[in-house]
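Numbering (the working numbering), first residue to last: 8 to 270.
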Amino acid sequence: MRTLPDACIDLIYIDPPFMTNATRSTASGQSYDDKWSGGIDAYCPFLRERLVEMRRLMRDSATVYVHIDHRVAHHVRLMLDDIFGVENFLNEIIWSYRTGGVATKWFGRKHDTILSYAKVMGRHTFNSLRDGTYRTDGLKRADDGRLFKSTKNGPVYFHADGPLVTDVWEVPFLSTVSLERTGYPTQKPEALLERIVEASSQPGDLVADFFCGSGTTLSVAKRMGRKWLGCDVSQEAVEIASNRLHRIEMPVKSKVETGSTTG
Ligand SMILES: C[S@@+](CC[C@H](N)C(=O)[O-])C[C@H]1O[C@@H](n2cnc3c(N)ncnc32)[C@H](O)[C@@H]1O
8 MRTLPDACID LIYIDPPFMT NATRSTASGQ SYDDKWSGGI DAYCPFLRER LVEMRRLMRD
68 SATVYVHIDH RVAHHVRLML DDIFGVENFL NEIIWSYRTG GVATKWFGRK HDTILSYAKV
128 MGRHTFNSLR DGTYRTDGLK RADDGRLFKS TKNGPVYFHA DGPLVTDVWE VPFLSTVSLE
188 RTGYPTQKPE ALLERIVEAS SQPGDLVADF FCGSGTTLSV AKRMGRKWLG CDVSQEAVEI
248 ASNRLHRIEM PVKSKVETGS TTG
């Protein structure tokens, strides 16, 4: 990151380690360790140093998305407020899923948190998205095909593309037999990244992921006609991400280097 010029990136998504205290391994060996002997006092400075650098790299129209979970979400929210400014907070997105273990001593923990901040509130790129179906009962269809509800003030029409996407996202976890699976642990679903890339960038923009793992963000960005830039401390991750990117047929020039991947 230090080698990159100021204000060169349009969208950053990161899914960094979040103190799971686990060693994440693939069939071919260890991929990375998410253990912090100094606990939160070691984790926070590690992430802060990188977030400060990311802010420098963002254009005024850029957005950063930080994917974490209940273990560190409260610490990271305060850190982001401090680095980006409370006034630039956009969303606390709840990624809700059903898979995982069963809890009997507390409610099952079935969501991750994705915090998003604009570099400069109001100048940030944002394309509203529509998805899903309306929950309202008693919808009727007008002669021209539009859905509406009768109210005492007359008909209220509903958008044909469905409701606006909110900050609660029901996106299934990748199944163990999904075609998307690369074998890399902690791989995130492309559907999650599609929303982020579509909402917060335009075709041709530069999308970056500095903890790219298997390259989910970069692959989605490439497929959606964005430029992409990524790195990972794990050589195995860089190889998996590079192979994944090479399999996507797009007219985007790509270059792969040890320890980082750019296109
Ligand atoms: C949760 S995984 C990312 C998974 C990714 N979103 C995907 O869909 O495959 C976190 C990644 O951060 C990487 N990582 C850990 N420490 C790092 C560091 N200091 N710099 C860069 N990457 C790091 C790990 O190797 C791991 O691939």
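For each residue, glycine too, the CB sits at the ideal point set by N, CA and C.
Three-way DSSP call (helix, strand, coil) for residue i in this model
i    : result
N98  : strand
L18  : strand
L171 : strand
C238 : strand
V127 : coil
A215 : strand
P52  : helix
F6   : The shown model of the chain, from 8 to 270, leaves out residue 6, and the question about it has no answer.
H166 : coil
K147 : strand
T30  : strand
I121 : strand
S103 : strand
R233 : coil
R137 : strand
P24  : coil
P12  : coil
S261 : With a pLDDT of 45 at S261, under the threshold of 50, the modelled position of this residue cannot be trusted; read the value that follows with caution. Of the three classes helix, strand and coil, the one that applies to S261 here is coil, per DSSP.
Residue i: first and last residue of the uninterrupted beta strand (DSSP E) it sits in
i    : result
R8   : Looking at the sequence shown, residue 8 is not Arg but Met. Run containing M8: none; DSSP gives neither H nor E here.
K41  : The sequence shown places Asp at residue 41, not Lys. No beta strand (DSSP E) contains D41, which DSSP labels as neither H nor E.
V73  : 65 to 75
S293 : Residue 293 lies beyond the range of the chain shown here (8 to 270); nothing can be said about it.
L154 : 154 to 158
Interface flag, residue i vs chain D, CB-CB below 9 Å
i    : result
L136 : Reference to chain D is not applicable here, since this structure consists of a single protein chain.
Boundaries of the alpha helix (DSSP H) in which residue i is found, first to last residue
i    : result
L277 : Given a span of 8 to 270 for the chain in the structure shown, any question on residue 277 remains unanswerable.
I203 : 197 to 207
L225 : 223 to 230
Inter-residue CB distance, residue i and residue j (contact presumed, cutoff 8 Å)
i    : j    : result
V178 : A198 : 5 Å
V83  : V73  : 6 Å
T143 : K156 : 6 Å
I21  : A69  : About 13 Å separates the two Cβ atoms, so there is no contact after all.
D67  : V127 : 5 Å
R230 : I255 : 6 Å
V175 : S103 : 6 Å
D138 : V172 : 5 Å
I16  : L64  : 5 Å
V79  : Y39  : Rounded, the Cβ-Cβ distance is 16 Å, inconsistent with contact.
L186 : L225 : Their Cβ separation, rounded to whole angstroms, is 18 Å, which puts L186 and L225 out of contact at 8 Å.
L146 : L136 : Actually they are not in contact, since the Cβ atoms of L146 and L136 sit about 21 Å apart, beyond 8 Å.
V227 : E201 : 6 Å
L97  : A125 : 6 Å
Given 8 Å, three or more beta-carbon pairs between the segment 16 to 31 and the segment 182 to 197
Yes, the segment 16 to 31 is in contact with the segment 182 to 197.
State whether the segment 233 to 250 contacts the segment 48 to 63, with contact taken as three or more CB pairs (one from each stretch) at a distance under 8 Å.
Cβ pair count under 8 Å is below three, so no.
Between the segment 164 to 171 and the segment 89 to 103, do three or more beta carbon pairs fall short of 8 Å?
No, the segment 164 to 171 does not touch the segment 89 to 103.
Is the segment 115 to 124 touching the segment 74 to 81 in the sense that three or more CB pairs, one from each, lie closer than 8 Å?
Yes, the segment 74 to 81 touches the segment 115 to 124.
I want to know whether the segment 244 to 251 touches the segment 216 to 229 - three or more CB-CB distances under 8 Å.
Output reads yes: the segment 216 to 229 touches the segment 244 to 251.
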